[in-house]
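Structure first, commentary second.
2 protein chains.
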Amino acid sequence: MSEGRDTMAETTRWFEDFAPGAVHDLGRRTMTRDEIVAFAADWDPQPMHLDEASGEASLLGGLAASGWHTACVLMRLFADNLLAGSASLGSPGIDSLKWLRPVRPDDTLALTMTVLDTRTSAKRPRLGLISARFDMTDAGGATALTMTCTLMMERRPTP
Amino acid sequence: MSEGRDTMAETTRWFEDFAPGAVHDLGRRTMTRDEIVAFAADWDPQPMHLDEASGEASLLGGLAASGWHTACVLMRLFADNLLAGSASLGSPGIDSLKWLRPVRPDDTLALTMTVLDTRTSAKRPRLGLISARFDMTDAGGATALTMTCTLMMERRPTP
Numbered sequence: 049m050s051e052g053r054d055t056m057a058e059t060t061r062w063f064e065d066f067a068p069g070a071v072h073d074l075g076r077r078t079m080t081r082d083e084i085v086a087f088a089a090d091w092d093p094q095p096m097h098l099d100e101a102s103g104e105a106s107l108l109g110g111l112a113a114s115g116w117h118t119a120c121v122l123m124r125l126f127a128d129n130l131l132a133g134s135a136s137l138g139s140p141g142i143d144s145l146k147w148l149r150p151v152r153p154d155d156t157l158a159l160t161m162t163v164l165d166t167r168t169s170a171k172r173p174r175l176g177l178i179s180a181r182f183d184m185t186d187a188g189g190a191t192a193l194t195m196t197c198t199l200m201m202e203r204r205p206t207p
Numbered sequence: 049m050s051e052g053r054d055t056m057a058e059t060t061r062w063f064e065d066f067a068p069g070a071v072h073d074l075g076r077r078t079m080t081r082d083e084i085v086a087f088a089a090d091w092d093p094q095p096m097h098l099d100e101a102s103g104e105a106s107l108l109g110g111l112a113a114s115g116w117h118t119a120c121v122l123m124r125l126f127a128d129n130l131l132a133g134s135a136s137l138g139s140p141g142i143d144s145l146k147w148l149r150p151v152r153p154d155d156t157l158a159l160t161m162t163v164l165d166t167r168t169s170a171k172r173p174r175l176g177l178i179s180a181r182f183d184m185t186d187a188g189g190a191t192a193l194t195m196t197c198t199l200m201m202e203r204r205p206t207p
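Just so you know, the protein sequences line up as chains A and B, in that order. Going by the working numbering, the first sequence opens with residue 49, and the numbers climb by one from there. Going by the working numbering, the second sequence opens with residue 49, and the numbers climb by one from there.
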């Protein structure tokens, strides 16, 4: 994988750098009405994501971002603030993802990643597996999205 | 919720229209290199999603779509081919999502939804809950993405 990562900045984070219980601050991003509507028009064109009146008439109680939009913001913050320069080998999937609150225009979402567990692969000694929980919280500290998934991370080369 | 849905076409699908074991064809979409790279640049700017050389050097073995891009294509097909005109009330989240194969430029993905189980809410008699599995398969019939989630759907009004 090193050739792949060498196209990025020098690798600064390896499997061994993720300790169970550690909480990583992955930054924040403010949602805008224009971005919420544009994302929904492309990927999730349900009325409650496209205009205020339909949002108010829906369970969401007002115009709210597609849950996939919130998840994509999570991915971008994760890529920019942790994966870049890491020995990441990707992820096989998501174990659980919950949308707990509507995300509104001008909401600022903060992302943290909590390391739940780490283990190395028996079959592939260079591969480490990290079980992590991601939490996106609004300015009031309420959780809007929580997700657990497994990350694959290369182990630090031994000199 | 009806006001919200009335901004769409007339409601033609209610909770009662989803039977356990039923498989719904939700259409297909061909991925393009330009869309794969543009989506990754916006939401998942990891090298293996942005250029061929980095893709070939990665576990993906070539330029491949972000898994979030494939998930967004699933959502768009679901919105266009099932949710529009339905009594959908959204979803609380994803129970499991697995990315099983890389998705390449020019791959055509077909989406099906299989109804696993249905139940009505004890607390909210107008609300039905549908457990469903979504499978995206490539032209060769191999599964690229599989996801299970719970859908909330309003029950058909009684005359």
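From the three backbone atoms N, C-alpha and C, an ideal C-beta is built for every residue, glycine too.
Query - Beta carbon of A:TRP62 nearer than 9 Å to that of A:GLY176 - result: yes
Query - Contact list for A:GLY141 against chain B, beta-carbon separation under 9 Å - result: GLY115, SER144, LEU145, LYS146, TRP147, LEU148, LEU193, THR194 and MET195
Requested in this report: Work out the CA separation of B:THR160 and B:THR185 for me, nearest whole Å.
Outcome: 9 Å
Requested in this report: State the Cα-Cα distance for the pair A:VAL151 and B:LEU148, rounded to the nearest angstrom.
Outcome: 30 Å
Query raised in the report: In the DSSP assignment, what are the bridge partners of B:PHE182?
Result: Partner(s): B:MET161 and B:MET195.
Requested in this report: Could you spell out where the alpha helix (DSSP H) holding A:SER144 opens and where it closes?
Outcome: Premise fails: A:SER144 lies in the beta strand (DSSP E), 136–147, not in any alpha helix (DSSP H).
Requested in this report: For B:GLY75, decide whether its Cβ has a neighbour in chain A, counting only Cβ atoms nearer than 9 Å.
Outcome: Chain A contact via Cβ: absent.
Query raised in the report: So what does DSSP say about B:THR78, is it helix, strand or coil?
Result: strand
Requested in this report: For B:LEU159, verify whether its CB is less than 8 Å away from any heavy atom of the ligand PLP.
Outcome: Among the components of this structure there are no ligands whatsoever, and the ligand PLP is therefore not found.
Query raised in the report: Can we say the region 121–136 of chain B touches the region 123–141 of chain A, given the rule of at least three CB pairs closer than 8 Å?
Result: Cβ pair count under 8 Å is below three, so no.
Requested in this report: Would you kindly check if the distance between the Cβ of A:LEU157 and the Cβ of A:MET79 is under 9 Å?
Outcome: Contact flag set, yes.
Query raised in the report: CA-CA distance, A:ASP82 and A:ASP90?
Result: 12 Å
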